[in-house]
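Residue numbers (this note's numbering), protein chains in the order written: chain A, 1 to 111; chain B, 1001 to 1112. The C-beta atom is built at its ideal place from N, Cα and C for all residues, glycine as well. Shown next, in structure tokens, is the structure this report addresses.
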Amino acid sequence: SQTIHQWPATLVQPVGSPLSLECTVEGTSNPNLYWYRQAAGRGLQLLFYSVGIGQISSEVPQNLSASRPQDRQFILSSKKLLLSDSGFYLCASSNYQNIQYFGAGTRLSVL
Amino acid sequence: DAKTTQPTSMDCAEGRAANLPCNHSTISGNEYVYWYRQIHSQGPQYIIHGLKNNETNEMASLIITEDRKSSTLILPHATLRDTAVYYCIVRQEGMGANNLFFGTGTRLTVIP
Chain A
1 SQTIHQWPAT LVQPVGSPLS LECTVEGTSN PNLYWYRQAA GRGLQLLFYS
51 VGIGQISSEV PQNLSASRPQ DRQFILSSKK LLLSDSGFYL CASSNYQNIQ
101 YFGAGTRLSV L
Chain B
1001 DAKTTQPTSM DCAEGRAANL PCNHSTISGN EYVYWYRQIH SQGPQYIIHG
1051 LKNNETNEMA SLIITEDRKS STLILPHATL RDTAVYYCIV RQEGMGANNL
1101 FFGTGTRLTV IP
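Given below as structure tokens:
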């Protein structure tokens, strides 16, 4: 199975500051990669997915962007955080069976 | 993707079997049923998936009705660590950007 590394586990940032969350994958090559956000008590919302290096698809318009500089590296960024960007961010990778493996998540609080 | 319907919450006594139902009446022939769970403040964890035959692994069993319109996830001997939100998802297997739609799931509480 795959292992997803995500950091940091928690982050507190002021409004207007930049953001960079990193995700790396072990145990597979050429995976599909995903960024999700989960509001408190809610289901997961897909933000971005990538089928290869430099290939990013956005699911919802927002203040965030994603990049995939390497095969097993996926980065979530923002130039200026908004209060509404607070949430639990999850990185995931999927295999040929469409099984998704998730990281431990980053809890972002924008104050 | 086919929509799924799950009860909002369920309780189960520790040591007993937990049976979590899921309705997916609009499932199509090439769609699989996937189950994940999410323990509080952690990332979701894959449990099991199947197409039409019943499946079993070290974590759980998946029973799919013959018409495939519903399924049941069975945790044979629930422990306190099984307390989590359980998600039933229907999706095609295979490559591609197969994002999974996670609804609100069933919150299972295992009671000592």
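Simplified DSSP assignment, three categories, for residue i
| i | result |
| --- | --- |
| D1067 of chain B | coil |
| S1028 of chain B | coil |
| L64 of chain A | coil |
| L19 of chain A | strand |
| L83 of chain A | helix |
| T1083 of chain B | coil |
| R1016 of chain B | coil |
| R72 of chain A | coil |
Environment of residue i [buried if 16+ CB atoms lie within 10 Å]
| i | result |
| --- | --- |
| R37 of chain A | buried |
| G52 of chain A | exposed |
| D1181 of chain B | With chain B running from 1001 to 1112 in the structure shown, residue 1181 of chain B is simply not present. |
| Q70 of chain A | exposed |
| G1015 of chain B | exposed |
| S1041 of chain B | exposed |
| V15 of chain A | exposed |
| Q6 of chain A | buried |
| R42 of chain A | exposed |
| M1095 of chain B | With a pLDDT of 47 at M1095 of chain B, under the threshold of 50, the modelled position of this residue cannot be trusted; read the value that follows with caution. So M1095 of chain B counts as exposed. |
| S86 of chain A | buried |
| T106 of chain A | buried |
Under 9 Å between C-beta atoms of residue i and residue j
| i | j | result |
| --- | --- | --- |
| W35 of chain A | Y89 of chain A | yes |
| R1107 of chain B | M1010 of chain B | yes |
| T28 of chain A | R68 of chain A | no |
| I1039 of chain B | A1084 of chain B | yes |
| L11 of chain A | L108 of chain A | yes |
| V60 of chain A | L76 of chain A | no |
| C1012 of chain B | V1090 of chain B | no |
| K1003 of chain B | H1024 of chain B | yes |
Residue-chain proximity (residue i, chain E), Cβ-Cβ < 9 Å
| i | result |
| --- | --- |
| R68 of chain A | You won't find chain E in this structure, because its protein chains are A and B. |
Bridge partners - residue i, DSSP secondary structure assignment
| i | result |
| --- | --- |
| N1023 of chain B | B:T1005, B:S1070 |
| M1010 of chain B | B:L1108 |
| A1078 of chain B | Paired residues: none, contrary to the question. |
| V110 of chain A | A:Q13 |
| H1049 of chain B | B:Y1034 |
| H1040 of chain B | Note: H1040 of chain B sits in no beta bridge, so no partner. |
| Y101 of chain A | A:S93 |
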